[in-house]
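Numbering (our numbering), first residue to last: 21 to 262.
The structure appears below as structure tokens.
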Amino acid sequence: MAHETPPLETDESESAFQEQLTSFLSDHGTKIIYGIAVIIVGVLAITRFSADKELRVQKDYLEAEAYMQQLQMGTNEPQQVLQNITEKMNDLQDLHTKYDGRLAQHYMQEGDVQTAKKYAESILNRTKNTIPSTYLAFSETSLLIAQGKLEEALKASEVLHGDLVEQNEQSQLLAYNLLRIAVLKNELDFESQNSAWTELNDYLKTVPAGPEAPTIKQNFINGSISLERYIEAKLLTSSEQN
């Protein structure tokens, strides 16, 4: 039996739902406008790491991966685990290719923007001559955001969107960039944010089945509030106010 999406509001759940809506963007805003760039570039870097080097089953490499898994799964001693990872990376420089992206994402989620920025810049400096220009532009915009230059970041994101549309690019990059534009406009309280939410909503409905749609949808869930329901509620609220 097909699962039916619950209505946006009921008398019993309206208050709880509105509370979840309020927390959705605060919970995911940092991930949306900072972290995704690191994920995308980091994945590209990891792919090259795997392709360029044979898997070396040595004690230090296995220990480094074990520490990273421990950090991502949760630990009572995160600082000690981070120190262990850093020591391994200092001894084995090629581990930066594999772990810089994951560490940048970790620090961003912890709210340590400056440390995250250091690892993100390391990725960009290492890959700027080898990754597609659109991915590089998306990632560089993350650094603008980290510096608090939101309006400049928004302009850069809109230019990138135009380039992606012109290239007829259908990928997770287009979806994430649309999401970033909408969130930046929301943060800046621009009236045009509704058009960005609408465009993203339309894209998510028409994107071909594949890895890009599930990725963006699964990355942004807060309780019973999914990205799709959040967009729907944003547009509904706006229409009621007009």
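Ideal placement from N, C-alpha and C gives every residue a C-beta, glycine not left out.
Are the CB atoms of residue 174 and residue 201 nearer to each other than 8 Å? It is a contact, given that the beta carbons lie within the stated cut-off.
Is residue 159 helix, strand or coil by DSSP? helix
Do residue 126 and residue 142 have their CB atoms nearer than 8 Å? no
Could you name each continuous alpha helix (DSSP H) segment of 4 residues or more that falls completely within the segment 91 to 150, going from the start of the chain to the end? 98 to 111, 115 to 129 and 133 to 147
Own chain, CB closer than 6 Å to residue 249, minus 5 neighbours either side, in chain order: none
What is the DSSP secondary structure of residue 234, reduced to helix, strand or coil? Low confidence applies here, because residue 234 scores a pLDDT of 49, under 50, leaving its location unreliable and the question unanswered by this model.
Relative to the C-alpha of residue 198, which residue among 180, 208 and 207 is closest? 180
Does the count of Cβ pairs from the segment 163 to 174 and the segment 203 to 210 closer than 8 Å reach three? yes
Going by other Cβ atoms of all chains shown within 10 Å of its Cβ, with 16 needed for buried, is residue 226 buried or exposed? exposed
Which residue marks the beginning of the alpha helix (DSSP H) containing residue 215, and which one marks its end? 213 to 226
Find the nearest neighbour of residue 16 within the set 123, 97, 96 and 98, judged by alpha-carbon distance. The structure shown has nothing for residue 16, since the chain only spans 21 to 262.
Let me know if residue 88 comes out buried or exposed under the rule of 16 or more other beta-carbons within 10 Å of its beta-carbon. Buried is the call here.
Between the CA atoms of residue 218 and residue 144 - distance to the nearest angstrom: Between the C-alpha atoms of residue 144 and residue 218 there is a straight-line separation of about 31 Å.
Would residue 128 be called buried (16 or more neighbouring beta carbons within 10 Å of its own) or exposed? buried
With H, G and I counted as helix, E and B as strand and the rest as coil, what does DSSP make of residue 206? helix
Own chain partners of residue 255 with C-beta closer than 8 Å, once the 5 adjacent residues on each side are dropped: 214, 217, 218 and 221
Could you tell me if residue 114 is buried or exposed, where buried requires 16 or more neighbouring beta carbons within 10 angstroms of its beta carbon? exposed
Please classify residue 209: is it buried, with 16 or more other beta-carbons within 10 angstroms of its beta-carbon, or exposed? By the neighbour-count definition (other C-beta atoms within 10 Å, threshold 16), residue 209 is an exposed residue.
Where does residue 188 fall in DSSP's three states? coil
Taking the C-alpha atoms as reference points, what is the distance between residue 103 and residue 162? 25 Å
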